[in-house]
Amino acid sequence: MFVEMSHMCTETSFDVEMVGLFGHPVGHSLSPAMHEAAIRSMGIQAVYKAFDVAPQDLPAAMAALRLLQFRGINLTIPHKEAALPLVDELTSTAARVGAINTVLRDGQRLIGDNTDGAGYVAALQSDLGLQVAGMHVAILGAGGAAKAIADALLDEGCQRVQLYNRNGARAQALGMHLQQYYSARRIMTAPLAEFNSAGLDLLINTTPVGMLGHLDGASPVAESHLRSDLIVSDIVYRPLHTPLLVAAAAHGAKIHDGTGMLVFQGALALSRWFGVVAPSLVMRNRLLDVLQQEELEQHHA
Ligand code: NAP
459 MFVEMSHMCT ETSFDVEMVG LFGHPVGHSL SPAMHEAAIR SMGIQAVYKA FDVAPQDLPA
519 AMAALRLLQF RGINLTIPHK EAALPLVDEL TSTAARVGAI NTVLRDGQRL IGDNTDGAGY
579 VAALQSDLGL QVAGMHVAIL GAGGAAKAIA DALLDEGCQR VQLYNRNGAR AQALGMHLQQ
639 YYSARRIMTA PLAEFNSAGL DLLINTTPVG MLGHLDGASP VAESHLRSDL IVSDIVYRPL
699 HTPLLVAAAA HGAKIHDGTG MLVFQGALAL SRWFGVVAPS LVMRNRLLDV LQQEELEQHH
759 A
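Residues in the sequence shown are numbered from 459 upward in steps of one, following our numbering.
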C-alpha cells in the first residue's frame with residue numbers, strides 16, 4: 459500500500475505543469491479562476507496558482523521558475539517592469555512596451571513577453587468584430603495599460619492614436635516613446651482636460667476613473683462627448699458596466715467592457731505556454747460568474 463501511494467505522488471509531481479501569477483498583492487486576482495477553468499476544459503495536466511511575491515523577492519521567485527521547472531508565469535502589479543532585467547530574452551513587443559506580463563521557460567532560458575496589447579486588440583475583434591486598421595482612436599490615460607494598448611493599435615495599423623492624460627507631460631512622454639517605432643503623424647498627445655471626440659471612431663478608457671472603490675460613479679469624460687457613432691471601450695471591469703459605458707450606451711454608442719482584455723491577454727499567455735488555442739469563451743464565462751458573484755455579495759453587504 460505504501461509503495462503504491464508513493465508511486466502515485468511521484469507520478470503526479472512529474473506530470474503536472476506549473477504555471478501561475480506573481481503579483482503583490484494577488485488576493486483579488488481573477489486570473490486563477492479563469493486559467494483553471496481553461497486548463498480543465500483543455501484537458502491539460504497543469505496547475506495555475508497565484509503567488510504573493512514582495513518586490514524584494516522577485517529575483518528569487520524568477521530564479522525559482524528555472525529551478526522548479528515552471529512552464530511559465532504571468533506577472534502583474536508591481537512586477538511587470540521590474541522583471542525586465544530578470545529574463546534572458548524579450549519578445550519585440552515586450553521590448554517596445556518595456557514591460558512583461560507573461561514569461562515562458564525554454565529549458566534554462568526565460569523569455570519575457572507582453573500579451574496585454576494584443577489581448578486587447580483580439581478582444582475587440584472577437585467581441586465586436588472590429589478591425590482597428592485605419593481607425594482614429596483616443597486613449598484616456600498614459601500608464602502601463604495605455605502603453606501596451608497604444609503599441610498594439612499602432613502595430614495593427616490604426617491611422618491615428620490620440621493620447622489624453624490628466625498629467626499632460628506623461629502623455630507627451632508616451633507619445634515620444636511610441637514615435638521611436640511608429641510615424642509621428644499617427645500619434646497625438648494632449649492633457650485630458652482638452653479631450654475632444656470629433657472625428658474619433660473608438661474611445662478607450664485606461665484610467666481607473668469609475669472603478670469600484672476608486673472614484674465610483676465617475677466618468678473620465680463629459681457626456682457631451684458621447685454619440686451613437688462612437689465605439690466606447692473601458693478596460694476597467696469592476697464594475698462590469700462603468701459609468702462611462704452606461705452613459706455611452708444611453709447615447710446609443712456600441713460599448714465594450716474590460717473583461718475582454720483580461721480574457722484574451724490570458725488566452726494568449728496560455729497559447730504561449732501550451733501551444734494551443736485557449737478556450738476564451740470558457741474563460742469569459744468563468745470570469746463573469748466570479749464578477750457577478752462579487753457584485754451580489756457587495757449588494758447584500
Ligand atoms: P497606471 O500605470 O497606474 O496608470 C494609470 C493612469 O490613469 C495614468 O495615466 C493616470 O494619470 C490615470 N489616472 C489615475 N487616476 C486618475 C484620475 N482620477 N483622473 C484621471 N486620470 C487618472 O495603471 P495601469 O496599469 O495603466 O491600469 C489602469 C487601469 O486599467 C486600472 O484600473 C487597471 O485595473 C485597469 N487594467 C485593466 C486590464 C484588463 O485586463 N481589463 C489590464 C490592465 C489594467 P496620471 O499620469 O495623471 O496620474
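Ideal Cβ placement from N, Cα and C applies to all residues, glycine included.
Just so you know, these numbers come straight off a predicted model, no measurement behind them.
According to DSSP, simplified to helix, strand and coil, what is residue i?
i: F528; result: coil
i: R685; result: coil
i: A491; result: helix
i: R554; result: helix
i: H672; result: strand
i: I497; result: helix
i: H757; result: helix
i: Y578; result: helix
i: E539; result: coil
i: S677; result: coil
i: D659; result: coil
i: V545; result: coil
i: A522; result: helix
i: A504; result: strand
i: F698; result: A small correction: the amino acid at residue 698 is Leu; Phe does not occupy that position in the sequence shown. If DSSP states are grouped into helix, strand and coil, L698 belongs with coil.
i: V704; result: helix
Measuring CA to CA, which of the options is closest to residue i?
i: N623; options: L650, Y639, A606 and D613; result: L650
i: D705; options: Y695, L684, G716 and I693; result: Residue identity differs from the one stated: residue 705 is Ala in this sequence, not Asp. A705 has its Cα closest to that of L684, out of Y695, L684, G716 and I693.
i: A512; options: I502, T534 and H493; result: T534
i: G530; options: R744, E752 and W731; result: W731
i: L658; options: V667, L598, P543 and D546; result: L598
i: L586; options: G716, P737, D747 and G478; result: G716
i: S487; options: V721, T665 and L568; result: V721
i: L749; options: A604, L670, V679 and E475; result: L670
i: T767; options: R628, S641, D674 and T665; result: With the chain represented from 459 up to 759, any question about residue 767 goes unanswered, as that position is not in the structure.
i: I645; options: D609, A518 and G601; result: D609
i: D571; options: L726, P737 and L746; result: L726
i: H672; options: A680, S655, T700 and N532; result: T700
i: G675; options: P697, L660 and N654; result: P697
i: D515; options: G481, E614, V474 and A604; result: G481
i: P666; options: D613, Y695 and L660; result: Y695
i: A606; options: L660, S729, G626 and S550; result: S550
Drop a sphere of 10 angstroms on the beta-carbon of residue i, count the other beta-carbons inside from all chains shown, and report buried for 16 or more, exposed for fewer.
i: G577; result: buried
i: L739; result: exposed
i: V555; result: buried
i: Q503; result: exposed
i: V424; result: Within the shown structure, residues of the chain are numbered from 459 to 759, placing residue 424 beyond reach of any answer.
i: Q723; result: buried
i: R744; result: buried
i: D687; result: exposed
i: L611; result: buried
i: H758; result: exposed
List in chain order: all unbroken beta strand (DSSP E) runs of 3+ residues lying wholly within the region 587 to 657. If we require 3 residues or more, the beta strand (DSSP E) runs fully inside the region 587 to 657 come out as 594 to 598, 618 to 623 and 645 to 649.
Which runs of the alpha helix (DSSP H) fall wholly inside the region 707 to 747 and span at least 4 residues, in chain order? As for any alpha helix (DSSP H) of minimum length 4 sitting wholly inside the region 707 to 747, the runs are 717 to 732, ordered along the chain.
Tell me whether the region 608 to 622 and the region 632 to 646 touch, counting them as touching only if at least three CB pairs, one residue from each stretch, are closer than 8 Å. As far as the Cβ criterion goes, the region 608 to 622 touches the region 632 to 646, which means the pair count is three or higher.
Taking three-plus beta-carbon pairs below 8 Å as touching, is the region 577 to 592 in contact with the region 562 to 569? Here the region 577 to 592 does not lie against the region 562 to 569, with fewer than 3 beta-carbon pairs under 8 Å apart.
Pairing CB atoms from the region 687 to 704 with CB atoms from the region 492 to 508, are three or more of them under 8 Å? Under the Cβ criterion (8 Å, minimum of three pairs), the region 687 to 704 does not count as touching the region 492 to 508.
Contact between the region 514 to 532 and the region 746 to 754 is defined here as three or more beta-carbon pairs at a separation below 8 Å; is this criterion met? Remark: fewer than three beta-carbon pairs, one from each stretch, lie closer than 8 Å, so the region 514 to 532 and the region 746 to 754 are not flagged as touching.
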